[in-house]
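Per the numbering used here, the sequence shown starts with residue 20, numbered consecutively.
C-beta: ideal position from N, C-alpha, C; glycine also.
Computed from a predicted model, the values in this text were never measured in an experiment.
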Amino acid sequence: MRIEIIGAGAVGLLVASYFAEKNMDVYIVGKPTGETVCKDIQIERTNVNQSVTSVNVKYISALSNKANLIIVAVKYGQLHEVYASMEHVKDSIPLLFLQNGLAHYEEALALSKTHIAFSSIQFGALKFSEHHVAHKGEGMMKIAVAKGAGSEFSFLNGLSSAELPIVFEQDAEKMLMEKALLNCFINPLTAILQVKNGQLITQSHTLQLLKDLYNELMTAFPQFKETFHFNQVIALCEKTAENTSSMLADRLANRKTEIDTIAGAILKKAEQNEKKLPVLQTLYYLVKAFEESGEQM
20 MRIEIIGAGA VGLLVASYFA EKNMDVYIVG KPTGETVCKD IQIERTNVNQ SVTSVNVKYI
80 SALSNKANLI IVAVKYGQLH EVYASMEHVK DSIPLLFLQN GLAHYEEALA LSKTHIAFSS
140 IQFGALKFSE HHVAHKGEGM MKIAVAKGAG SEFSFLNGLS SAELPIVFEQ DAEKMLMEKA
200 LLNCFINPLT AILQVKNGQL ITQSHTLQLL KDLYNELMTA FPQFKETFHF NQVIALCEKT
260 AENTSSMLAD RLANRKTEID TIAGAILKKA EQNEKKLPVL QTLYYLVKAF EESGEQM
């Protein structure tokens, strides 16, 4: 099976390394250069237990149209460029999107492609260098098919492992919404306070903020009360205690964050339901203010 992965960031490299270990033909797709490039590269992966695994994949300069699956692993801000690069790709090739947040959901479904699925990544990844990535924290790779035939993605069940458990969900939008809600707790606060995930539950004032935010979100989205509990927030902070959140990493590198597709998308959903989220709104404005000022934290 041939898997082409658009995006050589932390998550893209991590997933590529695990799938290559399962004897998949994995290709990392770079930006088109005007000439055909195909070369071997070696990914080094630092595992959760601190051991190091090396795997070989290939690098290509553009999508080949030969893939059995295309994985889109870039951040939301790069998606429109990716959409344009996929115009020549056969509609029948399945697409799997790995973005945080909700903003990409309806956009992706509007593409002319026949088979589209989404993933919710429940673990952390940290990129050390161009081809070296660390697996941070434990968690599943959830997948839900939103368009087309689920059978086109079923082979991914065989790629599941103890290190990278793959679980299929029924409702893609609900799955992404739950992950976005979880991200609303960790990402903005860690970015603003410049702390690792675990410190959010060891400090009394940040823990109170998390509780207030939880109550606020459950008031706005009562349909999640039965399946989304505060102990899930605590558990995620514990599992990823030593992780630097992606939003904090972006702020430290003075990059644009994913605040719009995570918190911004939740705020829009609440507005559609005529609900107010003052705590989340404040956190959103604070992160946006740092972005606008270009201030590193």
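Practice problem: Report the rounded CA-to-CA distance for G169 versus M105, giving the unit in angstroms. | Solution: Distance between the alpha carbons of G169 and M105: 21 Å.
Practice problem: Could you check how far apart the C-beta atoms of L33 and H123 are, in whole angstroms? I think they sit under 8 Å. | Solution: L33 to H123, Cβ: 19 Å. No contact.
Exercise. Return the Cβ separation of N202 and I281 in integer angstroms, given the expectation that the two are a contact with Cβ distance under 8 Å.
Key: For a cut-off of 8 Å, the C-beta gap from N202 to I281 is around 5 Å, short enough to register as a contact.
Quiz item: Of all the alpha helix (DSSP H) runs that stay within the bounds of the region 57 to 122, which reach a length of 4 or more residues?
Solution: Runs of the alpha helix (DSSP H) inside the region 57 to 122: 98 to 104.
Quiz item: Is it right to say P207 is buried, meaning 16 or more other beta carbons lie within 10 angstroms of its own, or is it exposed?
Solution: That one is buried.
Quiz prompt | Delimiting residues of the alpha helix (DSSP H) encompassing D190 | solution = Neither: D190 is in no alpha helix (DSSP H) and is coded neither H nor E.
Quiz item: Between which two residues does the alpha helix (DSSP H) containing G31 stretch?
Solution: Boundaries of the alpha helix (DSSP H) around G31: 29 to 40.
Self-check item: Environment of P113 [buried if 16+ CB atoms lie within 10 Å]
Solution: Label assigned to P113: buried.
Quiz item: Leaving out five residues before and five after E188 in sequence, what residues of the same chain have Cβ atoms less than 6 Å from its Cβ?
Solution: Here the set comprises K161, A163, M194.
Exercise. Can you say whether F147 is buried or exposed, counting buried as having 16 or more other CB atoms within 10 angstroms of its CB?
Key: Taking all protein chains in view, the Cβ of F147 is surrounded by fewer than 16 other Cβ atoms within 10 Å, so the residue is classified as exposed.
Self-check item: Length of the line joining the Cα atoms of D269 and E100
Solution: D269 and E100: Cα-Cα distance of roughly 20 Å.
Quiz prompt | D110 at chain C interface by Cβ criterion, 8 Å | solution = The chain labelled as chain C is not found in the depicted structure, where only one protein chain is given.
Quiz item: Are at least three pairs of beta-carbons, each pair with one atom in the region 26 to 43 and one in the region 178 to 186, less than 8 Å apart?
Solution: When C-beta atoms of the region 26 to 43 are compared with those of the region 178 to 186, three or more pairs fall below 8 Å, so the two segments count as touching.
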